[in-house]
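Worksheet for the structure shown next.
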Amino acid sequence: MRLYLKFLSMHVKSQMQYKVSFFLTLLGEFSASFAALLGVWFMFLRFHEVEGFTFQQILVCLGTILMSSSLAECFGRSFDRFPQMISNGQFDRILVRPRNEILLVLWSEVDFSRFGRLIQAVIVLSYALFTCGIGWTWLKVVTLLLMIGGGTVVFFCLLLVYAGISFFTIEGLEFMNILTHGGREFGRYPYAIYGDRVLKFLTFVVPLALVQYYPLLYLLDLETSFMYMLSPLGGVLFAPPAYGFWRFGLRRYTSTGS
Amino acid sequence: MIQLQNISKTFRIAKRQAGLGRAVKALFSRDYETVHALRDVSFTIGPGEMVGYIGPNGAGKSTTIKIMCGILTPSSGTCLIHGRIPWQDRLRHVSEIGVVFGQRSQLWWDVPVCDSFELLREVYRVDAKEFRRNLDELVPLLDLSEVLKTPTRSLSLGQRMRCELAASLLHSPQILFLDEPTIGLDAVSKIAVRQFVRKLNQERGTTVILTTHDMQDIEALTRRIILLGKGRILFDGPLDDLKKRFPGAKTITLEYRGNAPSILPGVEILDSRDGRLVLKVQPTRGLVSDLIAHIASQVQILDLSVAGASAEEMVAALYKEYAI
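As they're listed, the protein sequences go chains A and B. With numbering that gives the first Met the number 0 applied, the first sequence has no gaps in its numbers, which climb one by one up to 257 at the end. With numbering that gives the first Met the number 0 applied, the second sequence has no gaps in its numbers, which climb one by one up to 323 at the end.
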């Protein structure tokens with residue numbers, strides 16, 4: 000933990016060398032995710048509800064997904080850049096350090112500009128939570144926290160898998176973006192609206208629905224079973240296979256020329 | 000103690016062909032080519048030894064270094080360093096080695112060098128006293144006092160390399176891997192780096208394994224060399240043995256006063272200008288001394304030098320001999 004703070008302070012020092020650039024990207028990230036919000040808003044100007052969900056209810060959905068994906072990206076940003084780290088030899092350097100390689104990869108880059116999205120997520124979520132008319136109980140507060148926490152884990156694991164694939168090939172990784180960026184963009188609406196097959200896929204293969212759709216039903220009193228409340232915990236089950244995949248890739252690591 | 004036994008490493012590389020049509024085809028079926036980066040490499044390096052690991056580009060030098068560092072897993076063979084298998088016990092292994100990749104920096108680009116050092120101290124869990132002691136020793140030796148507060152990006156290459164060396168030694172490693180440490184450096188910096196490495200080896204007894212293309216590095220630093228070509232060890236032994244194997248021609252340069260002297264048969268004139276003569280002699284019994292005596296009887300010799308084949312020439316000859 001102390002080491003992490005050390006790394007963090009190094010990043011702050013580095014980024015503060017380029018202050019203007021930092022604030023501009025922060026602003027850019029903020030407005031980029033603002034577009035997502037506008038998209039939903041325009042939609043509702045016409046339709047008033049999507050599959051029975053109101054605007055505010057959709058915003059709860061959007062807020063939690065935005066929150067968990069930007070949290071995951073804030074800290075897992077370097078996985079996105081992992082193919083480059085392999086090709087420029089930075090990863091070799093990491094492997095000769097006596098610390099866990101995943102942590103070192105994570106810490107090698109912290110993207111503060113994602114805070115722009117995080118701020119957005121906080122604003123959207125707080126607006127939605129106060130206006131969507133949820134009857135709050137302690138259990139629902141726990142559910143919400145589980146949604147955000149579980150969502151962060153799932154998005155983080157997706158990034159880990161993305162990085163793990165780069166051990167085998169560093170080309171054609173874009174298809175993973177369907178899951179990472181796609182998961183976030185489609186996550187604006189409850190996953191169930193995309194049909195039964197998508198929902199099944201997102202339940203059993205990539206458990207994004209476990210942290211979004213099912214607990215949302217609980218929050219909105221559409222389901223009362225504890226299963227729905229606790230389903231984000233199921234999302235955590237995604238972590239061991241994701242980590243296993245990374246370890247498998249690491250053993251097959253072939254590095255790059257001199 | 001470093002022991003490598005029958006280490007082999009093969010890579011499977013997807014063949015790529017030129018042309019759009021073939022590139023599209025490659026999306027669906029790929030031909031793989033097996034590349035033998037290392038074949039049956041075995042050697043032992045004792046503690047405190049300084050070894051030059053040389054070979055042309057693509058011979059497998061970096062692959063060997065990466066295996067010894069625990070970065071790569073070999074396809075077959077065993078490697079024991081301090082009784083550990085590097086890639087299986089990586090975290091403990093790497094805390095005892097230092098690695099300098101000449102072409103890649105380990106320092107943080109935008110922050111002062113001392114901050115990078117401080118971070119490394121934390122990464123390697125070096126206690127404050129040991130860190131202080133190492134720094135007090137390394138800073139004057141590498142002449143770093145003035146650059147410690149400078150961000151890496153504004154250092155010259157020579158300054159940076161000296162910082163890299165210091166950064167790799169902060170945790171007092173017993174083995175130091177230097178991968179092309181003098182690449183791109185000017186003469187002064189090269190000499191500084193060499194002197195430092197020699198001192199390190201003598202005073203701390205650090206085992207040094209050096210890969211380089213600069214034969215002067217090798218001549219200045221190592222007595223033993225391991226020559227690698229196409230993934231095989233071609234020569235392992237003292238540099239002097241290699242020299243004996245390749246006596247090569249001697250070059251005699253002399254300055255004289257008087258008319259151009261005659262020379263003996265079997266001697267080749269490389270250059271002859273007013274008062275300066277460069278000769279190439281095949282070193283057969285006593286020819287060199289006969290030749291000098293012969294010339295001295297004709298003219299007054301002002302200056303004379305005899306040079307054997309340089310390590311550079313020898314290695315080039317070796318590469319040629321093994322067709323690599």
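Cβ coordinates follow ideal geometry from the N, Cα and C atoms, glycine included. Predicted model, so just to flag it, every value in this text is computed and none were measured.
{"Check": "Touch test, the segment 91-100 of chain A against the segment 84-100 of chain B, Cβ-Cβ under 8 Å, three pairs minimum", "Outcome": "yes"}
{"Check": "Cross-chain neighbours of L44(A) in chain B, by beta carbon under 7 Å", "Outcome": "What L44(A) touches in chain B: nothing, since even the nearest Cβ is about 43 Å away."}
{"Check": "Meets three-Cβ-pair contact criterion under 8 Å: the segment 157-165 of chain A and the segment 234-248 of chain A", "Outcome": "yes"}
{"Check": "6 Å CB neighbourhood of P73(B) in its chain, flanking five on each side removed", "Outcome": "I6, K8 and I66"}
{"Check": "S257(A) (DSSP reduced to helix, strand or coil)", "Outcome": "Residue confidence is low: S257(A) scores 44 on pLDDT, short of 50, so the model does not pin down where it sits. No coordinate-derived value is stated."}
{"Check": "Interface residues of chain B facing Q16(A) [CB-CB closer than 7 Å]", "Outcome": "D109"}
{"Check": "Buried or exposed by the 16-neighbour rule on C-beta atoms within 10 Å, applied to G204(B)", "Outcome": "exposed"}
{"Check": "CB contact check: Y252(A) to chain B, cutoff 9 Å", "Outcome": "yes"}
{"Check": "Closer than 9 Å to chain B by CB, F6(A)", "Outcome": "yes"}
{"Check": "Reduced DSSP category for I255(B) - H, G, I as helix; E, B as strand; rest coil", "Outcome": "Checking the sequence shown, residue 255(B) turns out to be Tyr, not Ile. Strand, per DSSP."}
{"Check": "Spatially closest choice to T142(A) from G182(A), D220(A) and T202(A), by CA coordinates", "Outcome": "D220(A)"}
{"Check": "CA-to-CA distance, D178(B) to I294(B), given in whole angstroms", "Outcome": "47 Å"}
{"Check": "Beta carbon proximity, R80(A) to chain B, threshold 9 Å", "Outcome": "no"}
{"Check": "Contacts of R76(A) in chain B (Cβ-Cβ under 8 Å)", "Outcome": "Chain B residues near R76(A): none, gap ~17 Å exceeds 8 Å."}
{"Check": "Alpha-carbon spacing of A259(B) relative to V305(B), whole angstroms", "Outcome": "19 Å"}
{"Check": "Inter-residue spacing [alpha-carbon to alpha-carbon] between S257(A) and A292(B)", "Outcome": "Note that S257(A) scores 44 on pLDDT, short of 50, meaning its location in the model is unreliable; the coordinates nonetheless yield the value given after this. Near 51 Å, if we compare the C-alpha coordinates of A292(B) and S257(A)."}
{"Check": "Touching by the beta-carbon criterion (3+ pairs, under 8 Å), the segment 232-242 of chain B and the segment 251-267 of chain B", "Outcome": "no"}
{"Check": "Counted within 10 angstroms of its Cβ, other Cβ atoms place S226(A) as buried (16 or more) or exposed", "Outcome": "Position check: residue 226(A) holds Met in this sequence, whereas Ser was assumed. Exposed, because fewer than 16 other Cβ atoms sit within 10 Å of the Cβ of M226(A)."}
{"Check": "Interface flag, S257(A) vs chain B, CB-CB below 9 Å", "Outcome": "Residue confidence is low: S257(A) scores 44 on pLDDT, short of 50, so the model does not pin down where it sits. Its coordinate-derived value is still stated next. It does: the Cβ of S257(A) has a partner Cβ on chain B nearer than 9 Å."}
{"Check": "Proximity below 9 Å, CB of W108(B) to CB of P150(B)", "Outcome": "yes"}
{"Check": "Given 8 Å, three or more beta-carbon pairs between the segment 108-126 of chain B and the segment 136-151 of chain B", "Outcome": "yes"}
{"Check": "I174(B) at chain A interface by Cβ criterion, 9 Å", "Outcome": "no"}
{"Check": "Length of the line joining the Cα atoms of G51(B) and R187(A)", "Outcome": "60 Å"}
{"Check": "Bridge partner(s) assigned by DSSP for T9(B)", "Outcome": "H35(B)"}
{"Check": "Proximity test, Cβ basis, 9 Å: I84(B) and chain A", "Outcome": "no"}
{"Check": "Beta-carbon contacts of G234(A) that lie in its chain and below 8 Å, excluding the five residues immediately before and after", "Outcome": "G149, G150, V152, V153, P206, L207, L209 and V210"}
{"Check": "Contacts of I70(B) in chain A (Cβ-Cβ under 8 Å)", "Outcome": "D91, L94, V95, Y252 and S254"}
{"Check": "Whole-Å CB distance - L79(B) paired with T62(B), under 8 Å assumed", "Outcome": "Rounded, the Cβ-Cβ distance is 18 Å, inconsistent with contact."}
{"Check": "CB contact below 9 Å: E129(B) versus chain A", "Outcome": "no"}
{"Check": "DSSP state of T250(B) mapped onto helix, strand, coil", "Outcome": "strand"}
{"Check": "Complete alpha helix (DSSP H) runs within the segment 39-99 of chain B (minimum length 4 residues, chain order)", "Outcome": "60-67 and 89-93"}
{"Check": "C-beta atoms of M160(B) and S188(B) nearer than 9 Å", "Outcome": "yes"}
{"Check": "D216(B) versus G47(B), L137(B) and E311(B), residue with shortest Cα-Cα distance", "Outcome": "E311(B)"}
{"Check": "Three-state class that DSSP yields for F237(A) in the structure shown", "Outcome": "coil"}
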